[in-house]
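Working notes, structure below.
Residue numbers (the UniProt record's numbering): 1 to 304.
Quick look at the structure:
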């Protein structure tokens with residue numbers, strides 16, 4: 001039985017606003033008679049825009065690193081689609097994260113995060129995955145040593161695992177989150193800086209908590225998959241008599257429980273939260289843990 005999502009989940013039916021976004025099924029016929037090497041290049045370059053639902057708009061949003069726009073455009077494409085269509089699209093986003101990890105990381109020296117201005121590298125990852133052969137759509141989605149890569153697509157992969165991941169734990173490296181944290185975001189550091197009597201050398205090794213939503217939209221890729229996280233910060237804080245300070249150390253984060261339709265995702269438009277609930281209600285979902293691997297080095301300096 002086909003289960004359809006109401007088109008009003010993202011954009012209400014109104015003049016000039018389409019409620020369905022389809023695929024360009026015949027796009028590859030343009031180069032079917034080209035030499036194989038040239039056909040491969042053409043296929044990889046155009047696959048994402050033509051084989052993903054609402055692919056043109058989705059690629060444009062990804063290229064400029066706008067995670068909210070990525071989710072909006074992806075949800076437009078998923079509106080009014082049956083379970084297999086939703087599964088196929090989300091499986092591509094989950095597997096493309098692994099493709100990015102294996103390709104971009106190898107050639108550009110950025111093992112965990114696709115930096116600003118490099119969003120165009122996402123399309124070749126999609127294209128390479130789609131060119132590599134038939135994608136298996138078994139459930140639950142398989143696990144990897146690392147399941148997420150730091151791009152605007154992270155929230156889509158997280159949703160894919162929420163609906164079709166069977167509750168299995170998933171892994172992300174802390175550097176992929178690209179959290180834009182400041183010294184005062186760490187309570188153990190902030191408490192020392194707030195006491196005017198503290199001057200000198202302080203060894204820190206203490207727990208902290210942090211609300212990823214506090215910095216949205218700066219932290220939006222992470223905010224789309226994490227909420228309030230906890231962890232441990234360690235390092236050395238030096239406070240001078242004139243109030244200047246330096247900190248050098250690192251932090252790690254504890255595993256986070258992923259519940260996609262949390263009402264406290266304050267950065268998100270209401271339509272996104274409503275659509276997520278619709279996906280979960282229509283196709284089922286299982287909350288799961290995201291293990292955050294590794295440590296992130298940090299250095300701060302300033303005046304308290």
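Positions of the beta carbon are idealized from the N, C-alpha and C atoms, including for glycine.
All figures in this text were calculated on a predicted structure; none of them were measured in a lab.
Excluding five sequence neighbours on each side, which residues of the same chain lie with their C-beta closer than 8 Å to the C-beta of residue 70?
These residues qualify, in order along the chain: 58, 61, 62, 152, 153, 155, 156.
Between the alpha carbons of residue 121 and residue 49, how many angstroms are there, rounded?
About 14 Å.
Taking residue 68 as the reference, which of 222, 286, 227 has the closest Cα?
It is 222 whose Cα lies nearest to the Cα of residue 68.
So residue 305 and residue 140 are in contact, right, with Cβ under 8 Å, and what is the actual spacing, rounded?
With the chain running from 1 to 304 in the structure shown, residue 305 is simply not present.
For residue 97, which residues of its own chain have a beta-carbon under 6 Å away from its beta-carbon, when the five flanking residues on both sides are left out?
Cβ within range, chain order: 148, 149, 157.
To which residues does DSSP link residue 246 through a beta bridge?
Paired residue(s): 238, 301.
So, are the CB atoms of residue 197 and residue 245 less than 8 Å apart?
No, the Cβ-Cβ distance between residue 197 and residue 245 is not below 8 Å.
Answer with buried or exposed for residue 201, where buried requires no fewer than 16 other C-beta atoms within 10 angstroms of its C-beta.
Classification for residue 201: exposed.
In or out: residue 167 buried (at least 16 other Cβ within 10 Å) or exposed?
Residue 167 comes out exposed.
Any idea what DSSP makes of residue 174, helix, strand or coil?
Residue state, collapsed to three classes: helix.
Let me know if residue 44 comes out buried or exposed under the rule of 16 or more other beta-carbons within 10 Å of its beta-carbon.
With 16 or more Cβ atoms within 10 Å of its Cβ, residue 44 is classed as buried.
For residue 305, count the other beta carbons within 10 Å of its own beta carbon; 16 or more makes it buried, fewer makes it exposed. Which is it?
Only positions 1 to 304 of the chain appear in the structure, and residue 305 is not among them; the question remains open.
Can you tell me which of 64, 86, 183 puts its alpha carbon nearest to the alpha carbon of residue 305?
A question about residue 305 goes unanswered here, because the residues of the chain that appear run from 1 up to 304.
With contact counted as at least three CB pairs below 8 Å, one residue from each stretch, are the region 291 to 300 and the region 237 to 252 in contact?
Enough Cβ pairs lie closer than 8 Å, so yes.
Buried or exposed for residue 64, going by 16 or more other Cβ atoms inside 10 Å?
Exposed, by the Cβ-count rule.
Note down the Cα distance separating residue 170 from residue 144, rounded to an integer number of angstroms.
Approximately 8 Å, taken between the alpha carbons.
With residue 43 as the anchor, note down where its beta strand (DSSP E) starts and where it stops.
Residue 43 -> not in any beta strand (DSSP E); alpha helix (DSSP H) instead, spanning 36 to 51.
Between residue 42 and the rest of its own chain, which residues show a CB-CB distance below 7 Å, the 5 nearest in sequence each way excluded?
The residues are 31, 34.
Looking only at its own chain, which residues have a Cβ that is under 7 Å from the Cβ of residue 238, when we skip the five neighbours before and after it?
The answer, listed in chain order, is 201, 245, 246.
Rounding to the nearest angstrom, what Cα-Cα distance links residue 6 and residue 131 in this structure?
Below a pLDDT of 50, predicted positions are generally treated as unreliable, and residue 6, at 48, falls in that range; no measurement from the model is reported.
Out of 231, 259, 146, 214, point me to the one whose CA is closest to residue 253's CA.
Checked all of 231, 259, 146, 214; the closest Cα to residue 253 is 231.
May I have the straight-line CA-CA distance separating residue 285 from residue 199, to the nearest angstrom?
If you take the alpha carbons of residue 285 and residue 199, they lie about 52 Å apart.
In the structure shown, what three-state DSSP assignment does residue 221 receive?
The answer is helix: DSSP assigns residue 221 an H, G or I state.
Drop a sphere of 10 angstroms on the beta-carbon of residue 124, count the other beta-carbons inside from all chains shown, and report buried for 16 or more, exposed for fewer.
Buried is the call here.
So is residue 267 buried or exposed if we call it buried at 16+ other beta carbons inside 10 Å?
Any reading at residue 267 needs caution, since the residue's pLDDT is 49, under 50, leaving its predicted position unreliable; the model's value is listed next. Looking at its Cβ environment, which holds 16 or more other Cβ atoms inside 10 Å, residue 267 is buried.
May I have the straight-line CA-CA distance separating residue 76 from residue 54, to the nearest angstrom?
Cα-Cα distance, rounded: 7 Å.
Sorted by chain position, which residues of the same chain lie with C-beta nearer than 6 Å to residue 174's C-beta, five sequence neighbours on each side aside?
Once the five neighbours on either side are set aside, the close Cβ partners of residue 174 are 253, 292, 294, 296.
Taking the alpha-carbon positions, what's the residue 74 to residue 185 distance?
When rounded, the distance between both Cα atoms is 32 Å.
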